[in-house]
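Student: Numbered per the working numbering, the sequence shown spans residues -3 to 420.
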Amino acid sequence: MKLKNHQPKRVLDQGTLVICLGIASLTAGRLYAEAPVIYSGPLVPVTPAAVLDQEQQNLTNSPSVFIPASEARRSNLPQIFRSGPLDVRPHFGYQFLYGTGIQSTPSISGATEIHTLTPGFLLEYGSHWALDYTPTLVFYSNKLFHDTLGHSVKLSGSTQYEDWQFGLQQSYDNSEQVLAETGGQSQQESFGTILNASRVLNDKMSADFSLAQKMQDTDGFQSSADWSLSSFLNYQFWERLTVSGGAILGYVSLDLGDDQTYQDFQARVNWRITDKMGLSANVGGEAREFAGGGTLFSPVYGATFQYQPRPRTQFSFGANSSVQPSLFQGQVTDTTSFTASVSQHLFKKFDLALSASFSMTDYTQSSGASNRRDENNAYNARLSHPIFKRGTISAIYQFSDNHSSQGKFSFRSNQVGGEFSYSF
-3 MKLKNHQPKR
7 VLDQGTLVIC
17 LGIASLTAGR
27 LYAEAPVIYS
37 GPLVPVTPAA
47 VLDQEQQNLT
57 NSPSVFIPAS
67 EARRSNLPQI
77 FRSGPLDVRP
87 HFGYQFLYGT
97 GIQSTPSISG
107 ATEIHTLTPG
117 FLLEYGSHWA
127 LDYTPTLVFY
137 SNKLFHDTLG
147 HSVKLSGSTQ
157 YEDWQFGLQQ
167 SYDNSEQVLA
177 ETGGQSQQES
187 FGTILNASRV
197 LNDKMSADFS
207 LAQKMQDTDG
217 FQSSADWSLS
227 SFLNYQFWER
237 LTVSGGAILG
247 YVSLDLGDDQ
257 TYQDFQARVN
267 WRITDKMGLS
277 ANVGGEAREF
287 AGGGTLFSPV
297 YGATFQYQPR
307 PRTQFSFGAN
317 SSVQPSLFQG
327 QVTDTTSFTA
337 SVSQHLFKKF
347 DLALSASFSM
357 TDYTQSSGAS
367 NRRDENNAYN
377 ARLSHPIFKR
387 GTISAIYQFS
397 DNHSSQGKFS
407 FRSNQVGGEF
417 SYSF
């Protein structure tokens, strides 16, 4: 599949492939937000070690209290495939699910077995560069669905020059998932690039800059190209508390609807409250103008609170509100979501992870009128056990209940199954 009207240009020369992996960019969060899927694929650990090292080194100042146990375990294992500064980390995942209420098209849903294979590899060059490639093969037992082959490529890197830190995130994704927004299998292709830079101004102040683009093509629906520029000024009140203010300016080109410009002004706080608690939050507003006329004003906010009372007990709570171009012509999605999760180590051998979420999505036109609202409740449970030192075997249960004002997009789905992952 090829992008229809937004062919990617070579915006990156070899000397400018830069990003600061330590910057928590709001632009990155905006551009890499994905449409909700009715079921999720295998969890294969592909986080670059360079990123993990950065998080561990900055743990005192970071609001992030914990790193996933599987990643911490993997980072402590010896590296087998190494040649000089190059490390090769193969990984593999297999997931089996039996699901009911999964939509093949709007108003039509069914039960099916889903077998998902995710072989791949992670290349790490030194401590600053990483490239991951993961193909995804999905097989369905129900003929309402068709088997798919997807690809995911992610490149990340970082470097430093005097008081500046630079870095790059480049991604390519090609997949055909069952999306709640479209009510069925939808093939998507996307290219994403984020360039970040950060500079220390004095012992209290620093500045973050980000330039990003994402091009997305969805068969049978609206395709888009999004370019944005962000700038934030940070002030460190004390070692564990940083407050920031800034703006994100962007332009969205659409192949079917009116092009859009947006201005997003936000304040944010990163607070490592104690060694066991951390808070990251942002609040602001967005003005989005449509080329055909009309302006949409929306509040934008997000917050994540983490609490780790014991080394293997973790709690997390989050809330988020954001505006994105819809896959439907002439609309944007205004989504508000709330999440809660807990993970607990049991009997010295098992890890139990539970999560619950609630989201409301309005499909809004340039006039401000909404012609569809989805309210979704989702619950997930996962019981995992390490196997063969580098592997994990899990039992999974997933539930999703979507009520839509357009009844054909409503569904109620249960999935139960198991998963195996192995990573060097």
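Where is the CB? At the ideal position from N, CA and C, for every residue including glycine.
Measure from the alpha carbon of Leu118 to the alpha carbon of each residue in Thr112, Lys150 and His111, then state which is nearest.
Tutor: For the purposes of this step, residue 118 is identified with residue 122 of the sequence shown, where counting begins at 1. The shortest C-alpha separation from Leu118 is found at Lys150.
Student: Spatial neighbours of Gln277 within its chain, please: C-beta separation below 7 Å, excluding the five flanking residues on both sides.
Tutor: Position 281 of the sequence shown, counted from the first residue, corresponds to residue 277. Before going on, a small fix: residue 277 reads as Ala here, not Gln. Contacts found: Arg264, Val265, Gly298 and Ala299.
Student: What is the rounded straight-line gap between the Cα of Phe407 and the Cα of Tyr90?
Tutor: Sequence index remark: in the sequence shown, residue 407 carries index 411 (1-based). Sequence index remark: in the sequence shown, residue 90 carries index 94 (1-based). Each residue's Cα considered, the two are about 26 Å apart.
Student: Counting only runs that start and end within the stretch 295 to 383, where is the beta strand (DSSP E) found for 3 or more residues in a row?
Tutor: Runs of the beta strand (DSSP E) inside the stretch 295 to 383: 309 to 321, 327 to 342, 346 to 361 and 366 to 383.
Student: Following the continuous beta strand (DSSP E) through Asn278, name the residue where it begins and the one where it ends.
Tutor: Position 282 of the sequence shown, counted from the first residue, corresponds to residue 278. Its beta strand (DSSP E) spans residues Met273 to Phe286.
Student: Is the stretch 198 to 207 in contact with the stretch 166 to 173, if contact means three or more CB pairs nearer than 8 Å?
Tutor: In short, these stretches do not touch, since the Cβ pair count stays below three.
Student: Restricting to Cα atoms, I'd like to know which of Ile244, Val84 and Gln218 is closest to Ser227.
Tutor: Translated into the one-based positions of the sequence shown, residue 227 becomes position 231. Cα-wise, what sits closest to Ser227 is Ile244.
Student: Apart from the five residues just before and just after Ser396, which ones in its own chain have a Cβ nearer than 7 Å to its Cβ?
Tutor: Here residue 396 refers to the residue found at position 400 when the sequence shown is read from its first residue. Closer than 7 Å at the Cβ level, and outside the excluded window around Ser396, lie Ile34, Asn372, Ala374 and Ser409.
Student: Could you tell me the distance, in whole angstroms, from the CA atom of Asp215 to the CA atom of Glu185?
Tutor: As a working note, residue 215 is residue 219 in the sequence shown. As a working note, residue 185 is residue 189 in the sequence shown. Their Cα atoms are separated by approximately 9 Å.
Student: Which same chain residues end up closer than 6 Å to Ile383 when comparing Cβ atoms and leaving out the 5 residues on each side of it in sequence?
Tutor: As a working note, residue 383 is residue 387 in the sequence shown. Excluding sequence neighbours, Ile383 sits near Ile389.
Student: Please report the straight-line C-alpha distance between Leu55 and Ser154, rounded to a whole angstrom.
Tutor: Counting from one through the sequence shown, the residue named residue 55 turns up at place 59. Counting from one through the sequence shown, the residue named residue 154 turns up at place 158. Annotation note: pLDDT 36 at Leu55 (below 50); position unreliable, coordinate value reported separately. The alpha-carbon atoms of Leu55 and Ser154 are separated by roughly 18 Å.
Student: Just to confirm my understanding: we take Trp125, look at its own chain, exclude 5 residues before and 5 after, and list those with CB closer than 6 Å. What are they?
Tutor: Here residue 125 is taken as the residue at index 129 of the sequence shown, counted from 1. Only Gly153 meet the Cβ criterion.
Student: Taking the alpha-carbon positions, what's the Gln361 to Glu172 distance?
Tutor: Locating residue 361 in the sequence shown gives position 365, counting from the first residue. Locating residue 172 in the sequence shown gives position 176, counting from the first residue. Taking the straight line joining both Cα atoms gives about 26 Å.
Student: Short of 6 Å in beta carbon distance, which residues of its chain neighbour Tyr247, apart from the five on each side in sequence? Order them along the chain.
Tutor: Along the sequence shown, read from residue 1 onward, the residue named residue 247 stands at position 251. Answer for Tyr247: Trp223 and Thr257, listed in chain order.
Student: From Gly18 to Phe354, what does the alpha carbon distance come to, in whole angstroms?
Tutor: Here residue 18 refers to the residue found at position 22 of the sequence shown. Here residue 354 refers to the residue found at position 358 of the sequence shown. Unreliable placement is indicated for Gly18, whose pLDDT of 37 sits below 50; no coordinate value is reported for it.
Student: Rounded to whole angstroms, how far is the Cβ of Gly179 from the Cβ of Phe405, which I believe are closer than 8 Å?
Tutor: Taking the sequence shown and counting its residues from 1, one reaches residue 179 at position 183. Taking the sequence shown and counting its residues from 1, one reaches residue 405 at position 409. Indeed, because the Cβ distance is near 5 Å, the residues count as touching under 8 Å.
Student: Identify every residue that forms a DSSP beta bridge with His399.
Tutor: In the sequence shown, the residue the question calls residue 399 occupies position 403. His399 is bridged to Glu371.
Student: Would you report the Cα separation of Thr291 and Ala315, rounded to the nearest angstrom?
Tutor: Stepping through the sequence shown from its first residue, residue 291 is reached at position 295. Stepping through the sequence shown from its first residue, residue 315 is reached at position 319. Going by the C-alpha atoms only, they are around 25 Å apart.
Student: Helix, strand or coil: how does DSSP classify Phe217 here?
Tutor: Position 221 of the sequence shown holds residue 217. Looking at Phe217 - three-state DSSP - the assignment turns out to be coil, as it is neither helix nor strand.
Student: Taking Arg368 and Ser401 to be in contact with their CB atoms under 8 Å, please state how far apart those CB atoms are, rounded to whole angstroms.
Tutor: In the sequence shown, residue 368 corresponds to position 372, counting from 1. In the sequence shown, residue 401 corresponds to position 405, counting from 1. About 5 Å separates the two Cβ atoms, so the contact holds.
Student: Quick check on this structure: which residue in Gln327, Pro307 and Met273 has the alpha carbon closest to the alpha carbon of Phe286?
Tutor: Numbered from its first residue, the sequence shown carries residue 286 at position 290. Closest option to Phe286, Cα to Cα, is Gln327.
Student: In this structure, does DSSP put Gly179 in helix, strand or coil?
Tutor: One-based indexing of the sequence shown puts residue 179 at position 183. Gly179 falls in the coil class under three-state DSSP.
Student: Which class does Phe261 belong to by DSSP, given the choice of helix, strand or coil?
Tutor: Here the question's residue 261 lines up with position 265 in the sequence shown. The answer is strand: DSSP assigns Phe261 an E or B state.
Student: Tell me whether Leu17 sits in a helix, a strand or coil according to DSSP, three-state version.
Tutor: Residue numbering aside, residue 17 sits at position 21 when the sequence shown is read from its first letter. Annotation note: pLDDT 33 at Leu17 (below 50); position unreliable, no value reported.
Student: For Asp159, is the classification buried or exposed, using 16 other Cβ atoms within 10 angstroms of its Cβ as the cut-off for buried?
Tutor: As a first step, residue 159 is located in the sequence shown; it is residue number 163 there, counting from the start. Result: exposed.
Student: To which residues of the same chain is Asp347 closer than 7 Å at the C-beta, ignoring the five residues directly before and after it?
Tutor: Sequence index remark: in the sequence shown, residue 347 carries index 351 (1-based). Excluding positions up to five away in sequence, the list reads Ala65, Ser339, His341 and Ser380.
Student: Whose C-alpha, out of Val134, Thr309, Ser317 and Met356, is nearest the C-alpha of Pro295?
Tutor: Here residue 295 refers to the residue found at position 299 when the sequence shown is read from its first residue. Here the closest residue by C-alpha is Ser317.
Student: For Ser417, report the span of its beta strand (DSSP E) as first-last.
Tutor: The count along the sequence shown starts at 1 and reaches residue 417 at position 421. Element bounds for Ser417: Phe407 to Ser419.
Student: Could you check the C-alpha separation between Gln302 and Gly289 for me, to the nearest Å?
Tutor: Translated into the one-based positions of the sequence shown, residue 302 becomes position 306. Translated into the one-based positions of the sequence shown, residue 289 becomes position 293. Gln302 and Gly289: Cα-Cα distance of roughly 42 Å.
Student: Does the CB of Lys345 have a neighbour CB from chain C at under 7 Å?
Tutor: No chain C appears in this structure, which consists of one protein chain only.
Student: Ala336 and Ala352: beta carbons closer than 7 Å?
Tutor: Here residue 336 corresponds to residue number 340 of the sequence shown, with the count starting at 1. Here residue 352 corresponds to residue number 356 of the sequence shown, with the count starting at 1. The answer is yes: Cβ separation under 7 Å.
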